[in-house]
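Structure first, then comments.
In full-length UniProt numbering, the protein residues as written are 1 to 379.
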């Protein structure tokens with residue numbers, strides 16, 4: 001057996017495989033195929049019309065249309081009945097699940113509401129102005145005001161998306177002065193390019209007479225513009241190929257209303273760079289101690305931290321007062337109401353102060369005009 005195997009060579013095996021392949025004949029005509037046809041459904045039946053049917057058609061020409069309409073309405077009723085009986089239908093009272101509230105606090109609040117109304121028509125509550133129930137929280141849906149924005153686009157920035165992503169994330173939703181400060185403190189070229197884009201959009205905002213102190217970074221979109229290859233030279237006469245990316249940046253600034261800025265000040269979230277500008281203005285004006293103490297919650301970081309703490313305490317105190325009356329209100333709702341009320345007061349004070357300054361400037365100009373009339377003698 002070993003001798004016979006030793007006589008078989010590699011070339012013999014290759015030739016044997018070729019002979020086996022070429023000697024095999026395939027008869028495709030004899031291959032089995034499925035030629036069975038399956039008919040589904042029933043053959044159409046011709047309707048048989050009686051004498052009464054033709055008599056109805058002759059008496060009522062719209063009989064066929066009315067019959068079809070009756071059939072459609074019946075089919076619609078069956079579908080509605082089937083949908084009504086589904087378990088997912090909330091309109092079917094059979095699908096309701098009886099629920100019993102075992103919370104003692106909820107039951108107590110329900111009892112208090114039944115005994116004591118929170119309507120302003122109640123004489124006892126209306127007379128006591130300090131009572132919280134005389135001024136209940138009323139949440140009203142107000143449509144959002146359209147944003148005042150300005151957009152700038154800068155192309156052919158020699159940087160990659162990966163390098164531009166870090167400075168982009170750090171300036172989102174920031175005041176423009178804070179954003180410029182952050183970008184100036186980053187030791188990268190991508191941050192410098194982003195700062196150039198931001199300064200360009202600020203110039204656009206100045207051309208549109210927008211208030212720079214109220215400008216915030218609303219959104220930044222970065223995209224790859226094109227990519228090309230360059231040669232760079234190494235030591236010992238060696239060269240390599242490097243990919244060079246060119247990107248573009250689209251930056252949008254938003255001019256927020258005064259109320260939003262007042263809400264930030266009330267919460268203790270004043271932008272630090274804006275506080276620095278205000279501090280420098282007060283220093284140049286040589287403001288007195290009372291003015292500095294009044295604006296301490298804006299000028300220093302410790303004052304802003306204390307303002308945040310006091311605002312949280314005010315929310316908790318308000319919530320506890322309502323819980324004593326049996327009313328449970330979320331902190332988020334209380335904060336929203338407090339911000340709205342205090343921001344409205346700040347806006348009224350600002351408007352009153354602005355009118356006073358305008359009147360003072362008018363009085364000064366009037367005095368100068370009258371003095372010039374006396375000197376020149378023209379009436």
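All residues carry an ideal CB built from backbone N, CA and C; glycine is no exception.
Inset, instruction - Below 7 Å CB to CB, which residues in the same chain sit around residue 56 once its five sequence neighbours on both sides are set aside? - result: 63
Inset, instruction - Taking 9 Å as the cut-off, decide whether the C-beta atoms of residue 218 and residue 273 are in contact. - result: no
Legend entry - Coil, strand or helix - residue 255 by DSSP: strand
Inset, instruction - Work out the CA separation of residue 365 and residue 373 for me, nearest whole Å. - result: 12 Å
Inset, instruction - Spell out the partners DSSP gives residue 242 in its beta bridges. - result: 230
Legend entry - Nearest residue (CA-CA) to residue 304, options 271, 326, 93, 327: 271
Inset, instruction - In the DSSP assignment, find the alpha helix (DSSP H) that holds residue 213 and state where it starts and stops. - result: Unbroken run through residue 213: none, as it is neither H nor E.
Legend entry - Beta bridge counterpart(s) of residue 224 as assigned by DSSP: 247
Inset, instruction - State the DSSP-derived secondary structure class of residue 270, mapped to helix, strand or coil. - result: coil
Inset, instruction - Could you check if residue 53 is buried or exposed, using at least 16 other CB atoms within 10 Å of its CB as the buried criterion? - result: exposed
Inset, instruction - Count the other C-beta atoms from every protein chain shown that fall within 10 angstroms of the C-beta of residue 178, then say buried if there are 16 or more, exposed otherwise. - result: buried
Inset, instruction - To the nearest angstrom, report how far apart residue 360 and residue 175 are at their CA atoms. - result: 32 Å
Inset, instruction - State buried or exposed for residue 164, treating a residue as buried only when at least 16 other CB atoms are found within 10 Å of its CB. - result: buried
Legend entry - Buried versus exposed call for residue 80 [16 or more other C-beta atoms within 10 Å across all chains shown]: exposed
Legend entry - residue 144 burial status per 10 Å Cβ neighbour count (16 or more: buried): exposed
Inset, instruction - Give, in chain order, every unbroken run of the beta strand (DSSP E) that is at least 3 residues long and sits entirely within the region 146 to 195. - result: 148 to 157
Inset, instruction - Would you list the one or two residues that DSSP bridges to residue 219? - result: 252
Legend entry - Meets three-Cβ-pair contact criterion under 8 Å: the region 233 to 250 and the region 277 to 291: no
Legend entry - Own chain partners of residue 242 with C-beta closer than 6 Å, once the 5 adjacent residues on each side are dropped: 230, 232
Inset, instruction - Let me know if residue 167 comes out buried or exposed under the rule of 16 or more other beta-carbons within 10 Å of its beta-carbon. - result: buried
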